[in-house]
Every structure is written in structure tokens, then in C-alpha cells.
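Protein chains in written order, with the working numbering: chain A, 1 to 384; chain B, 385 to 651.
Note that beta-carbon positions come from the ideal geometry of N, C-alpha and C, so glycine has one too.
This report concerns only the one structure given below.
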């Protein structure tokens with residue numbers, strides 16, 4: 001019984017001994033701790049391959065000072081190799097704790113069918129799959145809008161089930177609490193419009209028309225578009241995140257099993273709140289925009305505030321105000337729909353909630369811009 | 385007891401703002417013990433756990449890890465202590481955007497200088513210890529609740545912690561899985577020599593694994609019993625503790641004999 005090869009790599013050591021012809025004895029010594037330099041399992045493989053065929057592997061650990069996962073991963077690999085080569089192993093010489101953990105690690109066999117490999121699909125299959133996904137998501141949108149329409153129908157018949165208190169809370173949250181940010185953005189947009197206009201109009205000495213420019217642009221479309229984008233980022237994302245988290249926590253399932261449609265209980269109040277609040281926010285944004293224009297007019301172009309006000313009143317007709325408010329109401333519907341749709345579609349994980357919020361904002365802003373284009377064209381056609 | 389104290393809780397008062405949950409807690413958890421924190425719902429078991437693992441500072445009192453007072457230590461010392469503990473949260477608390485393998489690998493990647501293949505080996509070993517070999521590439525949302533819990537345990541064990549904390553380990557598991565988890569807890573204690581702290585009110589578990597415990601009471605807002613649960617069951621005189629440890633049988637019987645006695649007097 002003489003040590004044939006001794007390996008001393010750092011602190012974990014293994015000595016291979018051949019006590020008789022067909023037995024390989026592994027003497028483990030030192031500190032077999034993760035992070036120390038440890039011998040690799042391939043050493044054992046080499047030992048098995050060299051010399052006479054091995055029929056049995058035994059261990060002893062008299063010199064083993066301490067061990068942790070480092071020893072276990074080594075042993076697991078050695079045992080796997082032995083199992084492949086049909087070499088019986090005798091674990092008796094190992095510490096009882098190690099034996100127990102090794103038994104535990106092999107108690108449940110690996111689920112081969114569970115492990116998966118990334119399969120790269122052919123190009124056409126990927127196009128097909130994405131077309132199918134697109135079709136499915138289009139169907140979902142149509143279904144969602146349909147259910148929403150039914151819910152609104154029930155609302156008008158007084159049969160919709162939601163809590164009035166929820167409605168008021170949401171109205172406060174998406175209306176009154178959005179005022180500071182709407183003020184800031186609209187004021188600055190008014191200022192910017194006036195600046196750009198002023199530079200051009202000053203060359204003709206037509207400074208006073210800055211009031212027309214700012215008034216018409218803000219009231220007709222810009223006030224509504226800016227408010228819509230703010231609300232999409234602020235409230236649309238919040239709706240998606242809130243409903244998404246409810247989906248993750250199975251709260252929406254709980255509503256369904258109680259027979260309360262999520263569409264009426266969750267989506268309807270959000271939609272109503274936004275449809276009611278958006279026109280008001282728009283009106284407020286229009287005012288702030290005009291105020292921004294007036295700051296430039298009075299401060300930079302030496303116009304009197306009264307003159308600016310009169311010019312604005314002449315330029316902006318009530319029709320423009322109605323058009324702006326109509327934009328606002330439409331955007332309210334779109335933002336609420338996209339926020340709630342993405343929230344309800346949300347998967348059941350934290351990252352899915354993030355994706356839902358992102359998607360809600362993107363959908364909201366795209367639909368706002370598209371709707372603006374459509375409304376502008378229609379207004380042009382009917383001549384208002 | 386000649387055993388070395390691993391965690392010592394001294395005059396601990398836990399409160400949310402001015403609302404006191406538990407006061408004057410004094411006990412120590414010995415190295416290599418399976419220590420159970422028990423008590424009825426809402427008595428502050430999980431809150432105590434949060435104080436022990438460094439998630440919530442105590443409003444009064446101290447928590448010692450060995451000789452070091454955790455909440456008075458400097459942040460790097462606290463970090464070092466927290467790295468030596470593993471926690472299994474109630475529902476696993478796996479990071480949902482990562483696969484099981486990535487979940488278990490994260491602490492190893494952050495705190496060790498192991499190479500990716502070595503990490504891979506450790507991850508496979510830890511997952512196989514909890515009976516999840518082959519599920520490396522699954523996301524938490526694709527496996528069952530019990531599997532998520534076991535994967536959470538694999539993550540808690542990733543760094544070979546000296547202390548393992550379990551928050552309601554058997555909640556939501558079927559009796560057989562719960563039993564297997566209990567066995568696993570004992571195996572881990574025996575093989576790795578880890579100290580185990582378990583928050584639970586599962587009686588079967590308590591009697592199967594614990595060799596020391598503390599009983600928190602929600603009404604008096606402090607601990608009312610201490611020691612091996614089996615011994616408590618045999619020797620405790622406190623009706624609340626007995627009631628808890630016998631699923632209310634003790635209380636029901638006392639009531640019954642009381643009624644019998646009164647009935648007897650009436651006759």
C-alpha cells in the first residue's frame with residue numbers, strides 16, 4: 001500500500017493509492033472548501049484510465065480538515081464518472097454528513113425531459129409565429145374593446161358594478177394630482193411656441209400675431225396632445241402596473257370567481273375617470289399655454305397684456321375649444337384603454353408588470369398621435 | 385448548557401412606529417440547533433425574523449451575532465454577517481426575471497471568485513439537493529409553488545451559510561413535501577453543522593425538527609415560554625402554550641372538565 005501519485009494543489013489534496021489490483025483508493029486531505037485550489041475530477045478519470053482496470057473505488061478522509069460544497073461537487077463528478085464506467089463506489093470512508101448529502105443529491109433523478117435546449121427556429125417559422133402572435137393580440141384588442149362597449153352599455157342601464165368611491169379616488173389621482181406637471185409642461189410649450197413664432201413674425205413687424213399662433217395651436221391641438229402624453233406616462237403606466245400587479249397576486253382571479261367582471265369593476269371606473277378628467281385638464285393646459293405665450297409677448301415683444309388677451313379672444317373661436325376638448329376626451333379613452341388592456345394582459349411575474357407598464361405608455365402615445373392625425377384630417381374635410 | 389451562542393437577542397423591543405409588537409425578548413440561539421420561533425398568527429414571528437436577519441432595526445435592544453452587536457456594527461461588518469446567513473422566504477422570493485440556475489448563481493457570482501463552470505457545478509449540486517436537477521433553465525413562473533420554495537432553499541444554501549433562516553417553510557406544501565423539507569432541514573443541520581432558525585406554527589414540523597424554541601404571545605406582547613417544544617408540552621404549566629402545542633385540545637379538555645365539575649356541583 002504505497003502512495004503512487006500525490007497531488008498537492010493549494011489546500012485540498014487527493015492521494016491515489018492502489019491497495020490491490022483492481023481497487024482505487026482516494027485519500028482526501030486538507031481543506032476542501034469552495035474557492036481553495038482543489039484537484040479536478042479529471043485526475044480521477046486519468047487514474048482510472050491508466051494502470052490495470054479499476055473494479056472498485058474507496059475513500060478515506062483521515063486527513064480532511066474541513067469541507068463544504070467544494071468537496072461535494074468534486075465527489076458528485078467522480079460518482080458520475082464511475083456510474084458511466086460501471087465502477088462500483090464505496091462511500092463508507094467519507095464523513096457521514098457527506099454521505100447523507102450525496103444520497104440526497106441523487107435521491108431525485110434528473111428530469112431529462114425537463115431540461116431544455118434553446119432551439120433556433122427557421123426564419124419562415126419565426127415569421128409565421130410572429131404573424132400568429134400579431135393576429136392573436138389584434139383579436140385580444142378587439143375583444144377588449146367589445147367587452148368595454150358592453151360594460152358602457154350596462155353603465156347606461158345603471159347595471160354596471162363598481163364602487164363609486166373608487167371612481168372618485170381615481171378621478172382625484174389622475175385629475176387634480178396631475179395639475180402641477182400639466183401646468184409646468186403646458187406653460188413651457190406655450191413659451192416655446194411663442195418664441196419660435198416671435199422670431200419669424202418680428203421680421204414682418206407682426207408680433208401681435210404671436211397671440212393667434214399660440215392661442216390657436218394650444219387650444220386646438222397642442223394642449224390636448226401634451227396633456228394626453230403626460231397622462232399616458234403618468235396615469236396609463238400606473239393603470240397597467242396596478243392591474244398587472246393585481247393579476248400577479250391573483251386579485252383579478254378572485255374578482256372573476258366572485259362573478260364580478262374585471263371589466264366593470266376595474267376598467268370602467270378608470271375609463272370614466274379619465275374621460276371626465278382629460279377635457280378639464282386640457283382646458284387648464286390651454287389656459288397655461290396661453291399664459292406662457294403671454295409671458296413671451298409681454299416680456300420680449302413689448303405687447304400689453306390687454307392687447308394680447310384681446311388678440312387671443314379674437315383668434316380663438318369656441319369651435320376650436322370644442323375641438324380641443326373632443327381631442328382630450330378621445331385621448332382619455334385611448335390612454336385608459338391601453339393602460340387597462342396591458343394591465344389585464346399582464347403575465348404573472350415582476351418583469352411582466354414592467355413590460356405591461358412600458359407597453360401601456362407606448363401604446364398610449366402611439367394611439368394619441370394616430371388619433372390626432374385622424375381627427376385633424378376629419379376636421380379638414382368637414383371644414384372646421 | 386455548554387453550547388456556544390450563535391445569535392443572542394438582548395432586551396429586544398419590536399415596534400412599527402409607536403405600535404409595539406413584542407417587548408423584552410431575551411434568548412440565545414446555540415450553534416447547531418434547530419430553533420423554532422412559534423406563536424399564534426399576528427404575534428410578530430416574521431417581524432422577529434426580519435430583525436434577526438438585518439432587514440429591520442430594533443426599536444430597542446440588541447441582536448448579537450457571536451460577540452458582534454449587529455445593529456451597532458459598521459456597514460461592512462454587517463455585510464459580512466449577512467453574507468454568512470441564508471434565508472428562505474415564505475413564497476421563495478425568487479427573482480422572476482432569472483432562471484432557477486441564475487437565481488442560485490447570483491450570490492456566487494457576486495461574492496466568490498469561482499469560474500463560470502465551477503458556479504455551474506455548484507448550482508447543479510444545490511438544485512439536486514432540493515430535488516430539482518434538470519430544472520436549471522426554468523423560470524420561477526413556470527414551476528409550482530412547492531418547487532419555487534425548494535428552489536428558494538437552493539438559493540439560500542448557495543453560499544454554504546452558517547445560519548439558515550426559514551420563514552414558514554411548510555406553508556403551502558403538501559404533507560409529504562413538508563415532511564421531506566423537515567428531513568432536509570435536519571440533514572442540512574447534521575451535515576453542514578449549520579444553525580437553523582425556523583418561523584412556523586406547523587405543529588408536526590415543530591415536534592419533528594426543533595430542539596429549542598421561543599413562544600411569542602400576542603396579548604402580553606412578549607415571550608412566555610422557552611425551550612425544547614417536546615419538553616414544553618410535557619412540563620409547561622402555561623395554558624396558552626399547552627393550547628398551542630395540542631391544537632387547542634388542552635383548552636377544550638380543561639373547559640370540559642370545568643363544565644363537568646360545575647355540572648356535578650349543580651346536581
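request  = Using only alpha-carbon positions, find the residue among 210/A, 327/A, 74/A that is nearest to residue 275/A.
outcome  = Residue numbering aside, residue 275/A sits at position 275 when the first chain is read from its first letter. Closest option to residue 275/A, Cα to Cα, is 327/A.
inquiry  = Please identify the residue among 588/B, 406/B, 490/B whose C-alpha is closest to the C-alpha of residue 567/B.
reply    = The residue you call residue 567/B lines up with position 183 of the second chain. Closest option to residue 567/B, Cα to Cα, is 588/B.
ask   = At a Cβ cut of 8 Å, what residues of the region 32-45 of chain A count as close to chain B, listed as they run along the chain?
value = 34, 35
query = In the DSSP assignment, what are the bridge partners of residue 398/B?
reply = Walking along the second chain from the start, residue 398/B turns up at place 14. 406/B, per the DSSP bridge assignment.
query = So, is residue 306/A buried or exposed, given that buried needs 16 or more other C-beta atoms within 10 angstroms?
reply = Indexing the first chain from 1 puts residue 306/A at position 306. Label assigned to residue 306/A: exposed.
Within chain B, the residues that residue 68/A reaches when beta carbons sit closer than 8 Å = For this step, residue 68/A is matched to residue 68 along the first chain. The contacting residues are 544, 576.
task = Identify which residue in 538/B, 400/B, 544/B, 592/B has its Cα closest to the Cα of residue 562/B.
result = Taking the first residue of the second chain as position 1, residue 562/B is located at position 178. Cα-wise, what sits closest to residue 562/B is 592/B.
message = Just to confirm before moving on: does the CB-CB distance between residue 70/A and residue 135/A stay below 8 Å?
response = Counting from one through the first chain, the residue named residue 70/A turns up at place 70. Counting from one through the first chain, the residue named residue 135/A turns up at place 135. Not closer than 8 Å, so no.
message = If you follow the beta strand (DSSP E) that residue 285/A is in, where does it begin and where does it stop?
response = Numbered from 1 along the first chain, position 285 holds the residue referred to as residue 285/A. Premise fails: residue 285/A lies in the alpha helix (DSSP H), 268-300, not in any beta strand (DSSP E).
inquiry  = Can you list, in chain order, the residues of its chain with a C-beta nearer than 8 Å to that of residue 330/A? Leave out the 5 residues immediately preceding and following it.
reply    = Translated into the one-based positions of the first chain, residue 330/A becomes position 330. Once the five neighbours on either side are set aside, the close Cβ partners of residue 330/A are 371, 375.
ask   = Can you find a C-beta in chain A that's less than 8 Å from the C-beta of residue 627/B?
value = Start at 1 with the first residue of the second chain, and residue 627/B comes out as number 243. It does not; no Cβ of chain A falls within 8 Å.
ask   = Closer than 8 Å, CB to CB, is residue 108/A near chain B or not?
value = In the first chain, counting from the first residue as 1, residue 108/A sits at position 108. For residue 108/A, the answer is yes, since a Cβ of chain B falls inside 8 Å of its Cβ.
ask   = In whole angstroms, what is the alpha-carbon distance linking residue 381/A and residue 259/A?
value = As a working mapping, residue 381/A is identified with position 381 in the first chain. As a working mapping, residue 259/A is identified with position 259 in the first chain. Their Cα atoms are separated by approximately 46 Å.
key: Neighbour-count burial assignment, residue 76/A, 16 or more Cβ in a 10 Å radius   = For the purposes of this step, residue 76/A is identified with residue 76 of the first chain, where counting begins at 1. Residue 76/A is buried by the Cβ-count criterion.
Cβ-Cβ separation, residue 352/A to residue 244/A (assumed contact under 8 Å), whole Å = By 1-based counting over the first chain, the position of residue 244/A is 244. By 1-based counting over the first chain, the position of residue 352/A is 352. Yes, residue 244/A and residue 352/A are in contact; Cβ-Cβ is about 7 Å, under 8 Å.
ask   = Mind listing which residues of the region 347-367 of chain A have their C-beta closer than 9 Å to chain B's C-betas, in chain order?
value = 347, 348, 349, 350, 351, 352, 354
Residues that residue 449/B bridges to, as DSSP identifies them = Numbered from its first residue, the second chain carries residue 449/B at position 65. Its beta-bridge partners are 391/B, 452/B.
query = Anyone know if the C-beta pair for residue 163/A and residue 303/A falls short of 8 Å?
reply = Along the first chain, read from residue 1 onward, the residue named residue 163/A stands at position 163. Along the first chain, read from residue 1 onward, the residue named residue 303/A stands at position 303. Contact: no.
ask   = Between the region 58-88 of chain A and chain B, which residues of the former have CB atoms less than 8 Å from a CB of the latter, in chain order?
value = 68, 69, 72, 73, 76, 77
ask   = Taking Cβ positions only, does residue 120/A come closer than 8 Å to chain B?
value = In the first chain, the residue the question calls residue 120/A occupies position 120. It does not; no Cβ of chain B falls within 8 Å.
ask   = Mind checking whether residue 541/B and residue 495/B have CB atoms under 8 Å apart?
value = As a first step, residue 541/B must be located in the second chain, where it is residue number 157. As a first step, residue 495/B must be located in the second chain, where it is residue number 111. No, the Cβ-Cβ distance between residue 541/B and residue 495/B is not below 8 Å.
Whole-angstrom distance between residue 210/A and residue 280/A, CA atom to CA atom = Sequence index remark: in the first chain, residue 280/A carries index 280 (1-based). Sequence index remark: in the first chain, residue 210/A carries index 210 (1-based). So the two alpha carbons sit approximately 25 Å from each other.
key: Range of the contiguous alpha helix (DSSP H) that encloses residue 322/A   = Start at 1 with the first residue of the first chain, and residue 322/A comes out as number 322. Run containing residue 322/A: 318-345, per the alpha helix (DSSP H) assignment.
Between the CA atoms of residue 61/A and residue 28/A - distance to the nearest angstrom = Start at 1 with the first residue of the first chain, and residue 28/A comes out as number 28. Start at 1 with the first residue of the first chain, and residue 61/A comes out as number 61. Distance between the alpha carbons of residue 28/A and residue 61/A: 5 Å.
key: Element boundaries [beta strand (DSSP E), containing residue 130/A]   = Taking the first residue of the first chain as position 1, residue 130/A is located at position 130. No beta strand (DSSP E) contains residue 130/A, which is instead part of the alpha helix (DSSP H) from 123-156.
ask   = What residue range is occupied by the uninterrupted beta strand (DSSP E) comprising residue 586/B?
value = Start at 1 with the first residue of the second chain, and residue 586/B comes out as number 202. Taken as a continuous stretch (DSSP letters only), residue 586/B belongs to no beta strand (DSSP E), as it is neither H nor E.
request  = Pull out every residue of the region 579-598 of chain B whose Cβ sits closer than 8 Å to any Cβ of chain A, in chain order.
outcome  = none
inquiry  = I want to verify the contact list: residues of chain B whose CB lies under 8 Å from the CB of residue 18/A, in sequence order.
reply    = Within the first chain, numbered from 1, the residue matching residue 18/A stands at position 18. Correct list: empty, because the minimum Cβ distance to chain B is about 28 Å.
Endpoints, the beta strand (DSSP E) within which residue 549/B is located = The residue you call residue 549/B lines up with position 165 of the second chain. Segment 547-551, the beta strand (DSSP E) holding residue 549/B.
For residue 489/B and residue 575/B, the rounded distance between their alpha carbons = Locating residue 575/B in the second chain gives position 191, where the first residue counts as 1. Locating residue 489/B in the second chain gives position 105, where the first residue counts as 1. Roughly 22 Å between the two C-alpha positions.
ask   = Can you list the residues of chain A that residue 571/B reaches, using a CB-CB cut of under 8 Å?
value = On the second chain, position 187 is the one that residue 571/B refers to. Going along chain A in sequence order, the residues near residue 571/B (Cβ under 8 Å) are 100, 101, 104.
key: N-terminal and C-terminal residue of the alpha helix (DSSP H) that residue 37/A is part of   = For the purposes of this step, residue 37/A is taken as the residue at position 37 of the first chain. Here residue 37/A belongs to no alpha helix (DSSP H), and DSSP marks it neither H nor E.
inquiry  = Using a Cβ-Cβ cutoff of less than 6 Å, which residues in the same chain neighbour residue 443/B once the five nearest sequence positions on both sides are dropped?
reply    = By 1-based counting over the second chain, the position of residue 443/B is 59. Excluding sequence neighbours, residue 443/B sits near 397, 399.
inquiry  = Taking the alpha carbon of residue 389/B as the reference point, which residue from 448/B, 408/B, 405/B, 436/B has its own alpha carbon closest?
reply    = The residue you call residue 389/B lines up with position 5 of the second chain. Checked all of 448/B, 408/B, 405/B, 436/B; the closest Cα to residue 389/B is 448/B.
ask   = Span of the alpha helix (DSSP H) holding residue 384/A?
value = For the purposes of this step, residue 384/A is identified with residue 384 of the first chain, where counting begins at 1. Looking at the DSSP string, residue 384/A is not in any alpha helix (DSSP H), and its letter there is neither H nor E.
ask   = If you draw a straight line from the alpha carbon of residue 607/B to that of residue 41/A, how long is it in whole angstroms?
value = Taking the second chain and counting its residues from 1, one reaches residue 607/B at position 223. Taking the first chain and counting its residues from 1, one reaches residue 41/A at position 41. Cα to Cα, residue 607/B sits roughly 51 Å from residue 41/A.
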